[in-house]
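Student: Residue numbers (the numbering used here), protein chains in the order written: chain A, 5 to 485; chain B, 134 to 449; chain C, 127 to 353.
From the three backbone atoms N, C-alpha and C, an ideal C-beta is built for every residue, glycine too.
Values in this document were obtained by computation on a predicted structure and should not be read as measured data.
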Amino acid sequence: MVLWFILILPLIAAGLALSPSRHRTVPGGVTVLATALQLLLALAVAGRCASGATVTALPAWLSCDAFGALVLVLCAFAGFTAALFSIGFTRRATQPMEAGRVRRYFVRFNLFLAPVLAVPLFSNVALVWIAVALTTLLSIFLVSFDRSTAALEAAWKYAILTSMGAALALFGVLVLYWAMRQGGAEDFTWSGLAAAAGAMPPLLVKTAFLFMLVGYGTKAALVPFHSWLPDVYSQAPVPICALLSVVETTTLPYVIVRLLPLFPGKAGDGAGRWLLAFGLLSAMGAALLLVQVKDLKRLFAYSTIENAGIILAAAGLGGAAGYGSLYQLVNHALAKPFGFFAAGAALLFAGTTEIAAVQGLGRRSPLAGAALLAGALAVTGAPPFALFLSELSILQGGAVDHRFLPVALLTLCMVGAFCAVLYHVTRMVFGKATASGPVPAFPRSYALALFVAFVPVVLLGVSLPAPVEHLLRLAATALAR
Amino acid sequence: MIVHLLYNVLQALVVLLFAPLMTGISAKLKERLQSHRGPSVFQPYYDLWKLFHKDEIVSHESTWIFRVTPYVVFVAPLFVALLIPVLTDYPLFFAFMGDMLGGGFILALGGFFATLAAIDTANPYGPMGASRTRMVGFLAEPVFMIVFFTVSVVAGSTIPYIVQQRWVHPPANFFDPAHVLLMIAFFMLILAETGRLPVDNPSGHFELAMIDESKGLEYSGRGAALMKWGSAMKFFVLLCIFLNVLVAPWGLASSQNLAAVLAAVPLVLLKMVLCILALVGVESSFAKLRLFRITEFLGAAFVVCVAALLIRLMEL
Amino acid sequence: MPDPHISVTLVNELNLLAAGLFLLATFGLVATRQVLDCVALFAGQSVLLAASAALLGHEAASDHLYAVAAITIVAKALLIPWLLRRTASEAVVARREISQVLNIPTSLLIALGLSILAYFLAAPLRAAAPAGQVGVNLPIGLAALLIGAFTVTVRREALPQVLGLLSMENGAFFAGVAIAPDLPLFAELAAAFDVLVIALVMGLLTRKLQERAGSTSVADLTDLREE
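#1: For the region 178-210 of chain A, list every residue whose C-beta sits within 7 Å of some C-beta in chain C, in sequence order.
#2: Do the region 257-274 of chain A and the region 199-210 of chain A make contact, defined as three or more Cβ pairs closer than 8 Å?
#3: Please report the straight-line C-alpha distance between PHE408 of chain A and GLY323 of chain A, rounded to a whole angstrom.
#4: Work out the CA separation of LEU395 of chain B and ARG170 of chain B for me, nearest whole Å.
#5: Give the secondary structure of GLU102 of chain A by DSSP, where H, G and I count as helix, E and B as strand, and everything else as coil.
#6: Could you give the distance in angstroms between the alpha-carbon of SER364 of chain B and the alpha-carbon of ALA318 of chain B?
#7: Can you list, in chain order, the stretches of the alpha helix (DSSP H) that have 4 or more residues and sit fully within the region 50-127 of chain A?
#8: Where do the N-terminal and C-terminal ends of the alpha helix (DSSP H) with MET204 of chain A fall, by residue?
#9: Quick one: what does DSSP say SER343 of chain C is sitting in, helix, strand or coil?
#10: Can you say whether VAL362 of chain A is buried or exposed, counting buried as having 16 or more other CB atoms within 10 angstroms of its CB?
#11: Using a Cβ-Cβ distance under 8 Å, would PRO310 of chain B count as near chain C?
#12: Near THR98 of chain A, which residues of its chain fall below 6 Å by C-beta distance, leaving aside the five closest residues on each side in sequence?
#13: For ASN141 of chain C, which of C:GLN336, C:ASN263 and C:LEU326 has the nearest alpha-carbon?
#14: With a CB to CB cut of under 6 Å and the five nearest residues on each side skipped, what residues in its chain are close to GLU189 of chain B?
#15: Roughly how many whole angstroms lie between the Cα atoms of LEU271 of chain C and VAL370 of chain B?
#16: According to DSSP, simplified to helix, strand and coil, what is ASP232 of chain B?
#17: Would you call TRP160 of chain A buried or exposed, if buried means 16 or more other Cβ atoms sit within 10 Å of its Cβ?
#18: Express the C-alpha separation of GLY170 of chain C and GLU190 of chain A in angstroms, rounding to a whole number.
#19: Express the C-alpha separation of ALA154 of chain A and PHE446 of chain A in angstroms, rounding to a whole number.
#20: Whose CA, out of A:LEU62, A:GLU395, A:LEU303 and A:LEU44, lies closest to the CA of ALA80 of chain A?
#21: Closer than 9 Å by beta-carbon distance: list the chain C residues that pair up with THR222 of chain A, in chain order.
#22: Taking any Cβ of chain C, which residues in the region 297-316 of chain A have a Cβ under 9 Å from it, in chain order?
#23: Going by Cα to Cα distance, which pick from A:ALA122, A:LEU117 and A:VAL433 is closest to ALA378 of chain A?
#24: Based on Cα-Cα distance, which residue from B:HIS312, B:THR248 and B:THR291 lies nearest to VAL301 of chain B?
#25: Counting pairs of Cβ atoms below 8 Å between the region 60-77 of chain A and the region 101-111 of chain A, do you hit three or more?
#26: Kindly list, in the order they appear in chain C, the residues whose Cβ is closer than 8 Å to that of PHE267 of chain A.
#27: Please work out which residues of its chain come closer than 8 Å, Cβ to Cβ, to GLN400 of chain A, disregarding the five sequence neighbours upstream and downstream, and give them in chain order.
#28: Going by DSSP, what residue range makes up the alpha helix (DSSP H) through GLY354 of chain C?
#29: Could you list the residues in the region 407-438 of chain B with a C-beta less than 7 Å from some C-beta on chain C, going in chain order?
#30: Taking buried to mean at least 16 other C-beta atoms within 10 Å of its own C-beta, is GLU314 of chain C buried or exposed?
#31: Okay, do the region 192-211 of chain C and the region 311-331 of chain C touch, 3+ Cβ pairs below 8 Å being the bar?
#32: Could one say the Cβ of LEU230 of chain C lies closer than 8 Å to chain B's Cβ atoms, at least one of them?
#33: Under 8 Å, Cβ to Cβ, is there at least one residue of chain A near LYS202 of chain C?
#34: Can you check which of these residues, B:PHE245, B:MET278 and B:LEU359, is closest to ARG267 of chain B by C-alpha distance?
#35: Suppose you measure from the CA of VAL380 of chain B to the CA of SER178 of chain C; what does that come to, to the nearest Å?
#36: How would you call SER440 of chain A, buried or exposed, if buried means at least 16 neighbouring beta carbons within 10 angstroms?
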């Protein structure tokens, strides 16, 4: 039952936000309430899954296991914090917006959340594809919310490239179905496919895997299909960037990594190698691009690509590093929104996102400067933030399995990204203030969103709570091959 | 044996006699489609009669090629008429003398001489039209080759009589994608080779825009009559190849007696009139292509044909 | 000698014909110069997809595939051209000539090359699946997928790019009706809905582009650069 509620809530919220009212705060308030409710329901589902059960609403169509619960909670949390931030954003972004536009923003926001939350809940692979495709389509008008030509260009590139990826992934899904029928199975769900893994013709499974990897990989912005992501993130509103980055680094690795159990035994090494190759390529490419980045939002975009690469590479390594990959997925999904919110605060105070044009942000607004610095540290994996522990776990896991070359390369990428990001951010935060004019007050919703996003990042950086660890272990066993 | 020889000669006679009629019908139908009255369908016969009774004027600058060309253009389609099925669906006396490839080369011989003759005079429009005709010709050559290639892969032979049987035994073969796509490609080829819209305007009088018509510009009297008749016969022969070999052998005589063969004449002519109706319909729907867009037109025909071949490969 | 392995049932021949014309329509989407012709070709391509589904359904006596054919005709052949004409403004639809990166004969030759590539990619897949017959749908579907991707990269206008995208999905479904004929009907309906949403969204985006940037020539959008 609870799963049905989670699916329907965003749609109800979208409908409520659509109603015309005199107060501009109504759509925002409705959204925050709805996302808070979604978060509570998601936590309830996760709690049940942590004890090993699978929550089922409709067998073979709608169900949620440990891995799905993880992704569900992460997306719901990101939705909640983004909604909080959106209130301040719509109230006093670069230009104040009139009520109609605010309403439209929140309607689209809620509509976007619906397929996002559906991805971990659907168990039929074809429906998962549809949900992923819908997340793209419903976010296009959020990306182009700015209505400038550059925003439209970014939205167009986004739409075309990710839809092409979706078409390739569709072909992969159909070939997978064909393989399943060849093996004589009937159940086109993740668990059913894993059970039928031995009977399916290997060539068909491999072909399906490759098509889905390239297709979904385009949406996850793996190098060399990443060209749309920096453009989109530089144009989209900050809360949307935060939400998009969480969606891309949780739901898409979720869909790709769930294909790994389909390769029984030794065959898994081949699939793992593909993941490792694409992951390393993305991580290294992003690290290189981080050196020459000129825009703050693009900086966080490249950091997203790098982390997506790390997650997939670690999943490809398998074994102990596989657990680390899921750990990284969780921590990144918690840390990245914080980084983007800090960037949003910086944008408010500095007036521009161009890195070279901003200096002395810490003097202009200590809170924004501190947040930006903390955000940069959190996102690149510095202690005492959560990503440090998960990156360490990946590297340790890889070393234990004697995969020294990938571990060395990953370390290089992580360190390189850390240095580049810190270089850029410290230049922005320290030094003499360059921005002039009256200092705006720090919006309360911004502060609230930052605080809410900050807490888990620090908590998980200190220690991993037991329920979370249970979920992670369960999820990792579900992927064992 | 003698009967087959007789029928073969009869075939050539039919081509000779009825070719101007087909040209007349196509001109009349085109005018009718445009709500004009149009000339009589026998007008080409009157034109030929008139031209044969006029004096011939030949330029001092021209060589023997100019004098010989009308005869070559007149005789080439007649030769091809001996090779292809016009009235019967069983092979006749000269049937195995040459296949479709050979027929295509003989027709090309006529076109070659016509081009040379156009350059032979000192008229400036001649070489201009000749070079354009050659351009269309060399673009159409690969399409011809691919058509014959596909036909030989599908039917196992390029002898017209063997190919035509492939499409009706068994009857489902008519819908074979290779067959349908070949029909489309060859239809486009006919439009290009006989100088019809959208490649060229056969009723235009503006020499700067002529492609195919320019080869007959300098001729008068008997030479002009032979060039006109030869053109008409080339059109008739190409239509015969299209209809009797590539579409289906309907209406052709299957038995050897004279009555059946004579009965086939109106049936074949009727089939041809229907095809001309389709041709005229297509002609009236399109504007003339700009010169360099003709590459795209023939490229499309090429691709259609290669697609036929591909489908053939894919089902194996 | 004619190949004895080829089945000569009428339904099979008609399906092959539908596949051939489907491939031709896909070539047409790369090569046609006019936007309205592109939309018409897409509608034709969808009708051929429905025809193939219906024919395969007749051969396998499956009502499911008939339903798929009906959904395809309604959603893709009727609704999408209507949606595109409604949402993309008049100026877009009336545009006569499309500019593109490569000239037409070269594009056609590359599309031919992609078809041959698709055939070679599909051959080992067919060999790996002994049970059941997929025939010609798999290579043609894969070819349409690849040629659709090529169309998107080579066309410079907004609407033909969208149509190239939609033809990629058509290609995937064309293969799908043969390799996954009993995919649950709900999934087919949802996929059709997804395609409709694509058309709606892209149409609206195209109209915004026309309003903002003054033209739908997507190649002129070069403000955002890799920095």
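Tutor: With the structure as the only source:
#1: LEU178, VAL179, TYR181, TRP182, GLN186, PRO205, LEU207 and LEU208
#2: yes
#3: By 1-based counting over the first sequence, the position of residue 408 of chain A is 404. By 1-based counting over the first sequence, the position of residue 323 of chain A is 319. Approximately 14 Å between the Cα atoms of the pair.
#4: Taking the first residue of the second sequence as 1, we reach residue 170 of chain B at position 37. Taking the first residue of the second sequence as 1, we reach residue 395 of chain B at position 262. The straight-line gap from Cα to Cα measures roughly 32 Å.
#5: Within the first sequence, numbered from 1, the residue matching residue 102 of chain A stands at position 98. Correct three-state label for GLU102 of chain A: coil.
#6: Numbered from 1 along the second sequence, position 231 holds the residue referred to as residue 364 of chain B. Numbered from 1 along the second sequence, position 185 holds the residue referred to as residue 318 of chain B. Between SER364 of chain B and ALA318 of chain B, the C-alpha separation is close to 22 Å.
#7: 70-96 and 103-122
#8: Numbered from its first residue, the first sequence carries residue 204 of chain A at position 200. Per DSSP, MET204 of chain A belongs to no alpha helix (DSSP H) and is neither H nor E.
#9: Start at 1 with the first residue of the third sequence, and residue 343 of chain C comes out as number 217. Strand.
#10: As a working note, residue 362 of chain A is residue 358 in the first sequence. Its Cβ being crowded by 16 or more others within 10 Å, VAL362 of chain A is buried.
#11: Numbered from its first residue, the second sequence carries residue 310 of chain B at position 177. With 8 Å as the cut-off, PRO310 of chain B counts as an interface residue toward chain C.
#12: In the first sequence, the residue the question calls residue 98 of chain A occupies position 94. Caution is warranted here: a pLDDT of 46 is assigned to THR98 of chain A, below 50, making its placement in the model unreliable, and the coordinate value is therefore given only provisionally. None.
#13: Working through the third sequence from its first residue, we reach residue 141 of chain C at position 15. Nearest of C:GLN336, C:ASN263 and C:LEU326 to ASN141 of chain C, Cα basis: C:ASN263.
#14: Start at 1 with the first residue of the second sequence, and residue 189 of chain B comes out as number 56. Only SER353, GLY354, ARG355 and GLY356 meet the Cβ criterion.
#15: What you label residue 271 of chain C is simply residue 145 of the third sequence in a count that begins at 1. What you label residue 370 of chain B is simply residue 237 of the second sequence in a count that begins at 1. If you take the alpha carbons of LEU271 of chain C and VAL370 of chain B, they lie about 41 Å apart.
#16: Here residue 232 of chain B is taken as the residue at index 99 of the second sequence, counted from 1. Coil, per DSSP.
#17: If you number the first sequence from 1, residue 160 of chain A lands on position 156. So TRP160 of chain A ends up on the buried side.
#18: Here residue 190 of chain A refers to the residue found at position 186 when the first sequence is read from its first residue. Here residue 170 of chain C refers to the residue found at position 44 when the third sequence is read from its first residue. Near 34 Å, if we compare the C-alpha coordinates of GLY170 of chain C and GLU190 of chain A.
#19: One-based indexing of the first sequence puts residue 446 of chain A at position 442. One-based indexing of the first sequence puts residue 154 of chain A at position 150. Taking the straight line from one Cα to the other gives about 28 Å.
#20: On the first sequence, position 76 is the one that residue 80 of chain A refers to. Of the candidates A:LEU62, A:GLU395, A:LEU303 and A:LEU44, the one whose C-alpha sits nearest the C-alpha of ALA80 of chain A is A:LEU44.
#21: Within the first sequence, the letter at position 218 stands for residue 222 of chain A. Going along chain C, no residue has its Cβ under 9 Å from THR222 of chain A, so there is no contact; the nearest lies around 11 Å.
#22: VAL297, LYS298, ASP299 and ARG302
#23: Residue mapping note: residue 378 of chain A aligns to position 374 of the first sequence, counting from 1. Checked all of A:ALA122, A:LEU117 and A:VAL433; the closest Cα to ALA378 of chain A is A:VAL433.
#24: By one-based count along the second sequence, residue 301 of chain B stands at place 168. Checked all of B:HIS312, B:THR248 and B:THR291; the closest Cα to VAL301 of chain B is B:HIS312.
#25: no
#26: Indexing the first sequence from 1 puts residue 267 of chain A at position 263. Per Cβ cutoff of 8 Å: no residues; PHE267 of chain A is ~15 Å from chain C at best.
#27: Within the first sequence, numbered from 1, the residue matching residue 400 of chain A stands at position 396. Same-chain partners within the cutoff: ALA324 and GLY328.
#28: In the structure as shown, chain C starts at 127 and stops at 353, and residue 354 of chain C therefore has no counterpart that could be examined.
#29: THR428, GLU429, GLY432, ALA433, VAL436 and VAL437
#30: In the third sequence, residue 314 of chain C corresponds to position 188, counting from 1. Looking at its Cβ environment, which holds 16 or more other Cβ atoms inside 10 Å, GLU314 of chain C is buried.
#31: yes
#32: Position 104 of the third sequence holds residue 230 of chain C. A small correction: the amino acid at residue 230 of chain C is Ile; Leu does not occupy that position in the sequence shown. At least one chain B Cβ lies under 8 Å of ILE230 of chain C.
#33: For the purposes of this step, residue 202 of chain C is taken as the residue at position 76 of the third sequence. Closer than 8 Å: no.
#34: Start at 1 with the first residue of the second sequence, and residue 267 of chain B comes out as number 134. Ranking the options by Cα distance to ARG267 of chain B, first place goes to B:PHE245.
#35: If you number the second sequence from 1, residue 380 of chain B lands on position 247. If you number the third sequence from 1, residue 178 of chain C lands on position 52. Each residue's alpha carbon lies about 24 Å from the other.
#36: Locating residue 440 of chain A in the first sequence gives position 436, where the first residue counts as 1. By the neighbour-count rule (16 or more Cβ atoms within 10 Å), SER440 of chain A is not buried but exposed.
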